[in-house]
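Here the structure is laid out as structure tokens; the discussion comes afterwards.
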Amino acid sequence: MRWVLACLVIASCAKPPPPKPAAAELEVTGPASFAGSWVTDDELDRGYTLVIDPAGALLLTIDRGKMGKCEQKGTLVTDGNPRWYRIVYTKNTCNPDYGGTPLEIKIASFTGTELALVITGDGAERRPVYTRDPKSAE
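Numbering follows this note's numbering, in which position 30 of the sequence shown is assigned residue number 30; successive positions increment by one, without gaps.
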């Protein structure tokens with residue numbers, strides 16, 4: 001009985017391990033800083049794969065489940081702020097009727113393993129958070 005009581009007292013005094021510290025923000029000097037393959041999903045269970053090359057060309061592939069995959073291609077253009085970009089799609093099979101209005105993309109956070117964006121310009125604001133694609137070699 002004493003053994004059980006001692007175990008209960010020790011277990012109740014034990015503290016949970018401290019939470020992992022948040023990943024440090026990395027400097028963004030341009031598209032080469034965050035180039036690579038990124039993935040996320042949304043509340044509709046759509047899967048998103050975003051591939052950005054060091055020059056700023058990007059390809060977003062959206063897996064819409066039974067509706068199939070679609071693609072959006074374009075290039076990130078900046079006016080000098082390495083965290084703010086404009087993009088006009090050169091290919092958009094996801095929204096073919098989309099008028100080509102430029103989207104504004106802000107890098108809200110970049111840790112190397114996580115890329116948080118704020119995307120505006122089409123009448124809505126989206127805040128996707130991408131993680132480094134585990135299948136990529138980066």
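We put the CB at the ideal spot given by N, CA and C, even for glycine.
Determine whether the beta carbon atoms of Ala57 and Thr75 lie at a separation below 7 Å.
yes
Assign Ala32 to one of three DSSP states: helix, strand, or coil.
Of the three classes helix, strand and coil, the one that applies to Ala32 here is helix, per DSSP.
Could you spell out the range, first to last residue, of the beta strand (DSSP E) harbouring Gly56?
Premise fails: Gly56 is in no beta strand (DSSP E) and is neither H nor E.
Which residue marks the beginning of the beta strand (DSSP E) containing Lys91, and which one marks its end?
Lys91 -> beta strand (DSSP E) spans 84-92.
Looking only at its own chain, which residues have a Cβ that is under 8 Å from the Cβ of Phe110, when we skip the five neighbours before and after it?
Glu25, Leu26, Val28, Ser33, Phe34, Ala116
Which residues bound the beta strand (DSSP E) around Thr120?
Residues 114-120.
DSSP state of Lys66, grouped into three classes?
helix
Please report how far the alpha carbon of Pro82 lies from the alpha carbon of Pro31, in whole angstroms.
8 Å
With DSSP collapsed to three states, give me the class of Gly47.
strand
Within the same chain, show all residues whose beta-carbon is closer than 8 Å to that of Glu114, passing over the 5 residues directly before and after it, in chain order.
Ala23, Val129, Tyr130, Thr131, Arg132
Assign Leu44 to buried or exposed, taking buried as 16 or more other Cβ atoms, counted over all protein chains shown, within 10 Å of its Cβ.
exposed
So which of Gly80, Cys94, Tyr85, Val77 has the shortest CA-CA distance to Tyr48?
Cys94
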